[in-house]
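Before any comments, here is the structure.
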Amino acid sequence: MTWPGQEEVIFSLKTFVAAIAALWVAFWFDLSQPIWAMFTVYIVMQPASGAVRSKAWYRGLGTLIGAMLALGLIGVLADVPAALFLLVGALVLGCNFLFLIDPMPRGYTYGLIGVNLLVVALTALPALESAFDTAMVRSEEILLGVICAVLADSLFFPRPAGRLLNHEVGSWLDRAGALTRAALAGQVADADSHRALGRLAFDAAALDSLSEHVTYDSVAVRPDPRVVRLLHTRMLRLISLIFAAEAWLLTLRTELREPRTDAAIAALGEWAEALPDCAPERSARLRRSLAVFQREAGRRDTDRRDAGQDRSREVALGSIGLLLATLVEVWDDCILLQRAIIDAAPLPEGLREAARAGNFSIPYADPLRAALVLLPTGLSFLLIFVYWTATGWDQGSTAALCSMTVGLYVGANVAPVARARRIAWVYLVSGALVLIYQFAVLPAIDGFPLLVFALGVLLLPIGLFIPITSGTALLLALLALLQFGLQPTYEYQFAPTLERHLGMASGAALSAVMAAILSVPNPAWTVRHLRRVGWSQLGAIAAGRSRPSREDYTRRALDRFAAIAGNC
């Protein structure tokens with residue numbers, strides 16, 4: 061287990077300071093739901109400053125659009141609450157679908173439009189005349205939380221996303237260099253090495269989002285996101301070449317062994333020892349030595365006196381020489397692109413043109429998987445709607461809201477069922493903590509300083525683990541805050557509070573149960589599906605039904621490879 065260090069302590073402290081500042085301002089202006097401001101701070105705050113600013117921008121934009129959309133729908137369908145309930149659910153599912161198929165940071169806007177539409181419309185459903193007040197208060201408090209998060213991150217130990225990007229790229233190239241050396245030595249056939257290669261693919265894909273966050277850094281020099289995207293594509297090509305290099309060299313060592321192959325293997329080994337800091341001159345010499353295979357193959361192929369077997373041997377040597385030269389070339393590209401990102405070093409003409417004119421669409425996201433992820437959420441929403449219609453359950457809107465929110469959080473994970481189970485357990489823990497606070501701790505608090513101390517006892521330790529856990533600590537903080545109803549004056553009543561908690565728990569549990577029952581998509585299904593998609597596209601190309609450019613096909617194939625790696 062990874063334990064918090066200095067950076068995690070700083071993150072937890074500045075997040076808590078921003079949340080308390082937002083709570084104090086909300087109390088000062090007597091806003092009706094101050095907990096939304098604290099909740100927003102914990103959502104927006106990220107380890108990298110650029111990510112804080114980008115998430116703040118997209119959250120604020122999505123909040124305002126969602127609120128306006130909710131008010132428009134309520135104005136049209138105020139007399140038909142059942143139709144409003146269903147239409148809101150359909151629109152939210154549509155927004156979530158767009159969020160799932162756009163993995164770049166801007167996709168967060170779609171999710172927030174859906175969430176705010178859901179909160180404003182369904183929270184106001186029992187009394188639609190309060191919808192405008194709900195929309196105004198929610199927008200004010202979310203914008204308050206956004207401002208407090210950005211100010212706290214800017215004033216207290218900001219961490220530019222560019223610095224994090226540089227560290228991640230350097231770490232990635234170090235690991236890739238070690239795997240390249242292992243491949244050239246014939247040591248990547250084991251399962252651990254295959255998992256390491258898959259991890260490299262998954263981490264390379266994560267650089268796309270980080271490169272978008274870098275554009276929001278308040279620093280003088282920012283790397284070009286297109287250069288980072290080009291580096292991402294070169295990284296994925298490098299992984300496939302590393303994976304195949306061992307097989308090529310095994311053929312050179314056994315079936316095609318001769319003095320020149322032994323010399324080439326030795327030269328490759330010496331070159332790999334210097335990675336990832338190999339000098340361009342050494343790489344150029346190595347590529348020239350590997351090109352001898354191709355020239356020799358060309359001469360032998362035109363010599364009619366050679367036997368067919370000899371020609372096949374030389375063609376095989378030429379092909380392997382070309383592939384190994386490509387490995388060296390892609391490594392050179394990665395090193396040059398890294399220097400352009402870290403040191404703003406000029407790129408050679410070829411790479412500069414590739415970064416300028418390349419068709420860099422968003423990373424691959426599968427629409428079928430997104431639809432299947434949302435299926436249990438949609439079914440649970442419909443079940444809640446039917447029960448609400450039949451019984452008039454006053455917590456129906458709360459349950460539907462929680463069901464949709466959980467569905468969105470679950471769907472963003474590669475293993476939705478496992479994530480749904482985690483939510484159920486974390487919800488139980490957070491619910492128990494909140495009940496203790498609401499009925500044992502908060503009644504004894506007199507004054508804001510004591511309230512800050514009591515909240516710090518709960519939130520500061522949780523904040524330490526937010527940057528180093530895969531969402532569990534953040535989920536615990538968010539669910540705890542979501543269930544709080546902090547007000548300047550303590551006004552809790554046990555029965556209404558318990559009913560609200562049960563409504564939230566019902567919606568969350570229903571989404572989790574439906575996800576477990578359907579159990580698709582899961583990582584195994586996703587891998588099989590992505591493989592079928594790849595074979596289907598190859599079949600369409602072979603049959604002439606599809607004619608993508610080589611660049612487009614390579615980009616999408618590599619993106620699918622990264623997606624498969626993330627599910628393995």
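Heads up: the sequence shown runs through residues 61 to 628, numbered per this note's numbering.
Cβ coordinates follow ideal geometry from the N, Cα and C atoms, glycine included.
Computed from a predicted structure; not experimentally measured.
For residue i, the three-state DSSP class (helix, strand or coil)
i    : result
M564 : helix
S579 : coil
F76  : helix
G122 : helix
G368 : Legend: pLDDT at G368 = 49, less than 50; position of this residue unreliable, no value from coordinates given.
V136 : helix
S150 : The sequence given here places Ala at residue 150; Ser does not occur at that position. Note: A150 maps to helix in three-state DSSP.
G258 : helix
Y276 : coil
L270 : helix
T614 : helix
C338 : coil
R588 : helix
T529 : coil
A264 : helix
A111 : helix
A404 : coil
L546 : coil
S92  : coil
D393 : helix
S609 : coil
R282 : coil
D619 : helix
G378 : helix
P218 : coil
G594 : helix
L83  : helix
L316 : coil
D604 : One detail in the question is off: residue 604 reads as Gly in this sequence, not Asp. Coil.
V69  : helix
Span of the alpha helix (DSSP H), counted from its first residue to its last, around residue i
i    : result
R297 : 285 to 313
D162 : Careful: D162 lies outside any alpha helix (DSSP H) and carries neither H nor E.
D234 : 221 to 244
E330 : 319 to 333
R198 : 191 to 215
N419 : Element bounds for N419: n/a, residue is neither H nor E.
P1   : Outside the shown range of the chain, which is 61 to 628, sits residue 1, and nothing can be said about it.
A19  : Only positions 61 to 628 of the chain appear in this structure, which leaves residue 19 out of reach.
G171 : 167 to 183
T62  : Neither: T62 is in no alpha helix (DSSP H) and is coded neither H nor E.
T100 : 95 to 104
Beta-carbon separation (whole angstroms), residue i vs residue j, contact threshold 8 Å
i    : j    : result
N176 : G126 : 3 Å
Y102 : L546 : The pair is not a contact, with the Cβ atoms about 14 Å apart (cut-off 8 Å).
F145 : F513 : About 42 Å; that fails the 8 Å criterion.
I624 : V587 : 5 Å
L538 : F87  : Wrong, their Cβ atoms sit about 21 Å apart, outside the cutoff.
A78  : A212 : 4 Å
G567 : C394 : Not quite, the Cβ-Cβ distance comes to about 47 Å (not below 8 Å), so this is no contact.
E201 : Q93  : 6 Å
L267 : A236 : Their Cβ separation, rounded to whole angstroms, is 13 Å, which puts L267 and A236 out of contact at 8 Å.
L397 : L291 : 4 Å
A405 : R399 : 4 Å
Y276 : R113 : 4 Å
L407 : A417 : L407 to A417, Cβ: 13 Å. No contact.
Write down every uninterrupted run of the alpha helix (DSSP H) in the region 445 to 506 whose length is 4 residues or greater and which is fully enclosed by it, in chain order. 456 to 471, 476 to 496
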